[in-house]
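Residue numbers (our numbering), protein chains in the order written: chain A, 4 to 330; chain G, 4 to 330.
Quick reminder that beta carbons are idealized off the backbone N, C-alpha and C, glycines included.
Note that the coordinates shown come from a computational prediction; the quantities given were computed from them, not determined experimentally.
First comes the structure, then the notes that go with it.
Number of protein chains: 2
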Amino acid sequence: MGEFGLIERIRRMFDEPSPSVILGIGDDAAVCRYQPGRVMLLTTDALVEGVHFHRQYTPAKSLGWKALAINISDIAAMGGVPRYALVTLALPDTWTVEDVESLYEGIDQCALAYGCPLVGGDTVQSPDGCMLSVTVLGDADERKVVTRSGAREGDLICMTGEMGGARVGLEVLESGADKKRFRHSVGRFLEPKPRLWEAKRLVEGMGVSSMIDISDGLTSEIGHLCRQSGLGCLIQEEKVPVSREAVRWSEARGEALTPYILESGEEYELLFTVSKRQFEGWQEKGLDRNLELTVVGVMMAKSRGMLVQRRGKTYPLSMKGWDHFGR
Amino acid sequence: MGEFGLIERIRRMFDEPSPSVILGIGDDAAVCRYQPGRVMLLTTDALVEGVHFHRQYTPAKSLGWKALAINISDIAAMGGVPRYALVTLALPDTWTVEDVESLYEGIDQCALAYGCPLVGGDTVQSPDGCMLSVTVLGDADERKVVTRSGAREGDLICMTGEMGGARVGLEVLESGADKKRFRHSVGRFLEPKPRLWEAKRLVEGMGVSSMIDISDGLTSEIGHLCRQSGLGCLIQEEKVPVSREAVRWSEARGEALTPYILESGEEYELLFTVSKRQFEGWQEKGLDRNLELTVVGVMMAKSRGMLVQRRGKTYPLSMKGWDHFGR
């Protein structure tokens with residue numbers, strides 16, 4: 004049934020759990036009211052050995068960094084500020100004390116970099132692989148929380164940064180290719196940098212209509228925005244910025260670039276929508292400077308479906324996101 | 004090195020993480036300031052297949068209930084009210100959709116029973132066993148938060164309810180004995196009932212000097228109170244209330260009752276300290292009515308060590324708590 008089918012079933016079971024829960028299961032983070040005008044954001048993400056990482060090419064320190072970073076990215080994508088982190092670590096007895104310390108060093112570095120201290124956790128034994136589950140609590144101005152469902156027809160679809168690097172990083176590590184030649188991609192895969200600063204600027208000074216972070220691939224995330232906003236879309240594939248290393252890697256392997264553009268997961272860039280008028284206003288005032296923003300498409304009526312334009316032709320945008328559960 | 008050694012090392016790495024973190028790693032829950040006079044409590048606890056539960060005798064629904072309940076118990080032990088829960092579920096492909104729905108039904112029942120709605124989570128694939136990690140966010144009056152470190156010399160050591168049932172429940176399930184004859188114990192092990200109401204009364208209307216929930220066994224928890232309060236103790240074993248089923252089970256097996264009294268984990272009763280004068284005041288006013296409280300010992304100077312009295316003789320209280328990590 005897949006991860007998204009399961010989430011949908013769970014969501015239905017827990018509909019309308021409490022009046023103070025503004026937004027429950029189904030966005031990047033839950034949104035709960037906690038004092039007038041302020042909301043609390045709660046998110047949790049886990050990394051499982053053999054599913055999300057393999058020890059032979061994942062340094063413990065990177066694992067720690069990543070486990071926290073991907074949760075901070077969820078808070079950023081809601082327009083919030085991360086405040087506190089909790090870590091649950093299930094450890095097999097093959098881990099040494101030094102491994103565990105490296106892992107916490109990675110968590111600590113990420114915590115310091117993004118101002119999100121680790122305040123607690125649980126350490127348990129695991130009979131098989133390692134699992135690391137992190138919860139981050141953040142907060143936000145209630146009026147400025149950005150969900151997946153606020154996009155409107157005609158809104159521009161924009162993203163920060165570029166695509167492809169994380170997938171290249173994974174493939175380089177898996178294939179044993181020369182890491183130094185793809186240093187940027189490997190770093191991006193192992194220790195992603197959540198776009199917290201960019202999200203804060205987009206939300207506080209500029210205003211976006213919907214937002215999500217790219218954890219499962221561009222196609223999959225656009226699918227979430229379309230479904231939850233009740234719209235369709237047209238993506239212009241040539242406009243999506245791709246990392247130079249991704250171009251080099253796909254050429255060297257004689258493979259199409261499209262999967263690196265549309266399906267590369269764990270990029271942790273921000274994908275958001277904004278009205279054309281608003282976007283032009285940013286450009287006039289120079290608000291988009293230093294943000295590495297690119298317009299990659301437009302939101303359309305639901306009846307148009309989800310489309311991608313490639314070399315002048317239009318295709319259905321197939322939903323090949325990274326499904327952590329049903330692959 | 005064991006779970007507690009590891010927690011201590013981690014705690015040292017993350018000392019003083021932020022001025023708003025009042026209490027970080029090392030108590031039942033982290034305590035963070037979030038508005039004048041109010042604190043946020045954050046706690047996380049995980050259940051790992053093959054370590055904390057075995058599928059052959061753990062119904063999915065009970066597993067869901069328990070995973071949330073043990074976190075609510077941590078919030079209760081700090082004197083707080085649970086508000087929101089997040090669940091991370093790592094599932095092997097042997098689980099059916101019905102299993103997953105039962106598990107969430109158990110979570111939902113517990114959430115409703117204790118007013119702590121599930122607001123989010125993450126569902127991921129697991130290559131081996133199942134793991135369930137729950138985080139609960141609660142809050143409390145800042146002046147009324149109860150930690151493990153507030154006990155004073157001469158304070159009475161009290162507990163709610165009785166001991167032994169959870170261990171009997173586990174042994175009954177493991178041995179395949181007749182569950183119906185030990186229904187109470189099996190229920191207690193599979194679906195523990197956190198003492199939220201009792202904790203609220205103890206903290207709001209009565210006042211206790213330190214508190215902890217009994218998840219790792221009486222000896223282990225008393226050890227935490229002693230260490231973190233810088234004291235010793237004397238436990239009177241005969242005074243510790245034991246469940247009738249525990250007496251029956253230990254007799255039938257020709258085994259000593261002591262382990263059921265001192266080492267039975269996952270009881271989720273409250274263990275707390277209170278001054279003698281205060282305790283007598285409760286009795287005069289009848290405040291302790293309906294609370295099933297029992298005085299089981301007294302806090303002493305650190306130099307006296309940790310002692311247990313049994314049939315008129317005094318022994319050192321050995322530290323055989325359930326160490327989830329180093330057993």
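Under 9 Å between beta-carbons, which chain A residues line up against residue i? List them in chain order, please.
{"i": "residue 130 of chain G", "result": "51, 52, 53, 54, 131, 132"}
{"i": "residue 84 of chain G", "result": "Neighbours of residue 84 of chain G on chain A: none; closest Cβ ~12 Å, over 9 Å."}
{"i": "residue 42 of chain G", "result": "The contacting residues do not exist; residue 42 of chain G stays about 12 Å from chain A at best."}
Under 7 Å, do residue i and residue j count as touching if we go by C-beta distance?
{"i": "residue 163 of chain G", "j": "residue 201 of chain G", "result": "yes"}
{"i": "residue 51 of chain G", "j": "residue 127 of chain A", "result": "yes"}
{"i": "residue 139 of chain G", "j": "residue 78 of chain G", "result": "yes"}
{"i": "residue 121 of chain A", "j": "residue 67 of chain A", "result": "no"}
{"i": "residue 297 of chain G", "j": "residue 154 of chain G", "result": "no"}
{"i": "residue 214 of chain A", "j": "residue 149 of chain A", "result": "yes"}
{"i": "residue 152 of chain A", "j": "residue 172 of chain A", "result": "no"}
{"i": "residue 236 of chain A", "j": "residue 166 of chain A", "result": "no"}
{"i": "residue 93 of chain G", "j": "residue 129 of chain G", "result": "yes"}
{"i": "residue 87 of chain A", "j": "residue 35 of chain G", "result": "yes"}
{"i": "residue 169 of chain G", "j": "residue 266 of chain G", "result": "no"}
{"i": "residue 76 of chain G", "j": "residue 197 of chain G", "result": "yes"}
{"i": "residue 238 of chain G", "j": "residue 299 of chain G", "result": "yes"}
{"i": "residue 119 of chain G", "j": "residue 95 of chain G", "result": "no"}
{"i": "residue 48 of chain A", "j": "residue 131 of chain G", "result": "no"}
{"i": "residue 159 of chain A", "j": "residue 301 of chain A", "result": "yes"}
{"i": "residue 279 of chain A", "j": "residue 234 of chain A", "result": "no"}
{"i": "residue 240 of chain G", "j": "residue 313 of chain G", "result": "yes"}
{"i": "residue 137 of chain A", "j": "residue 70 of chain A", "result": "yes"}
{"i": "residue 220 of chain A", "j": "residue 45 of chain G", "result": "no"}
{"i": "residue 206 of chain A", "j": "residue 82 of chain A", "result": "yes"}
{"i": "residue 210 of chain G", "j": "residue 145 of chain G", "result": "no"}
{"i": "residue 274 of chain A", "j": "residue 194 of chain A", "result": "no"}
{"i": "residue 31 of chain G", "j": "residue 80 of chain G", "result": "yes"}
{"i": "residue 185 of chain A", "j": "residue 248 of chain A", "result": "yes"}
{"i": "residue 72 of chain A", "j": "residue 102 of chain A", "result": "no"}
{"i": "residue 222 of chain G", "j": "residue 294 of chain G", "result": "no"}
What does residue i reach in chain G if we use C-beta pairs closer than 7 Å?
{"i": "residue 138 of chain A", "result": "47, 89, 138"}
{"i": "residue 38 of chain A", "result": "38"}
{"i": "residue 35 of chain A", "result": "87, 122"}
Taking Cβ-Cβ distances shorter than 8 Å, what residues in chain G pair up with residue i?
{"i": "residue 32 of chain A", "result": "123"}
When every heavy atom of the ligand MN is checked, does at least one fall within less than 6 Å of the C-beta of residue i?
{"i": "residue 188 of chain A", "result": "Because no ligand of any kind appears in the structure shown, any question about the ligand MN cannot be addressed here."}
Just the chain G side, please: which residues come within less than 9 Å of residue i by C-beta, in chain order?
{"i": "residue 304 of chain A", "result": "By Cβ distance, chain G contributes nothing, its closest Cβ being about 30 Å from residue 304 of chain A, past 9 Å."}
{"i": "residue 143 of chain A", "result": "The contacting residues do not exist; residue 143 of chain A stays about 13 Å from chain G at best."}
{"i": "residue 93 of chain A", "result": "49, 51, 54, 93, 134, 136"}
Please decide whether residue i counts as near chain B, where near means a Cβ-Cβ distance under 7 Å.
{"i": "residue 59 of chain G", "result": "The structure shown contains no chain B; its protein chains are A and G."}
Going by DSSP, name the residue or residues bridged to residue i.
{"i": "residue 65 of chain G", "result": "DSSP, once it has assigned bridges, lists no residue as partnering residue 65 of chain G."}
{"i": "residue 238 of chain A", "result": "A/300, A/311"}
{"i": "residue 38 of chain A", "result": "A/41"}
{"i": "residue 47 of chain G", "result": "G/138"}
{"i": "residue 91 of chain A", "result": "A/125, A/136"}
{"i": "residue 84 of chain A", "result": "A/142"}
{"i": "residue 216 of chain A", "result": "A/273"}
{"i": "residue 161 of chain G", "result": "G/275, G/298"}
{"i": "residue 319 of chain G", "result": "G/310"}
{"i": "residue 52 of chain A", "result": "A/56"}
Which residues in chain A have a C-beta closer than 7 Å to the C-beta of residue i? List them in chain order.
{"i": "residue 113 of chain G", "result": "In chain order: nothing, as chain A lies at least about 12 Å away."}
{"i": "residue 345 of chain G", "result": "Residue 345 of chain G lies beyond the range of chain G shown here (4 to 330); nothing can be said about it."}
Chain A contacts made by the segment 172-200 of chain G, where a contact means CB separation under 8 Å: So the list is empty, because no residue satisfies the distance condition.
The segment 237-256 of chain A touching the segment 106-115 of chain A, judged by at least three CB pairs closer than 8 Å: The segment 237-256 of chain A makes no contact with the segment 106-115 of chain A, as fewer than three CB pairs between them are under 8 Å.
Near-chain A residues of the segment 282-313 of chain G - C-beta to any C-beta below 8 Å: The residues in question: there are none.
Residues of the segment 144-163 of chain A with Cβ closer than 7 Å to any Cβ of chain G, in chain order: Answer set for the segment 144-163 of chain A: empty.
Contact residues within the segment 204-238 of chain A, judged by C-beta distance below 9 Å to chain G: Answer in chain order: no residues at all.
Near-chain G residues of the segment 242-255 of chain A (beta-carbon distance less than 9 Å), N- to C-terminal order: Those would be none; no residue qualifies.
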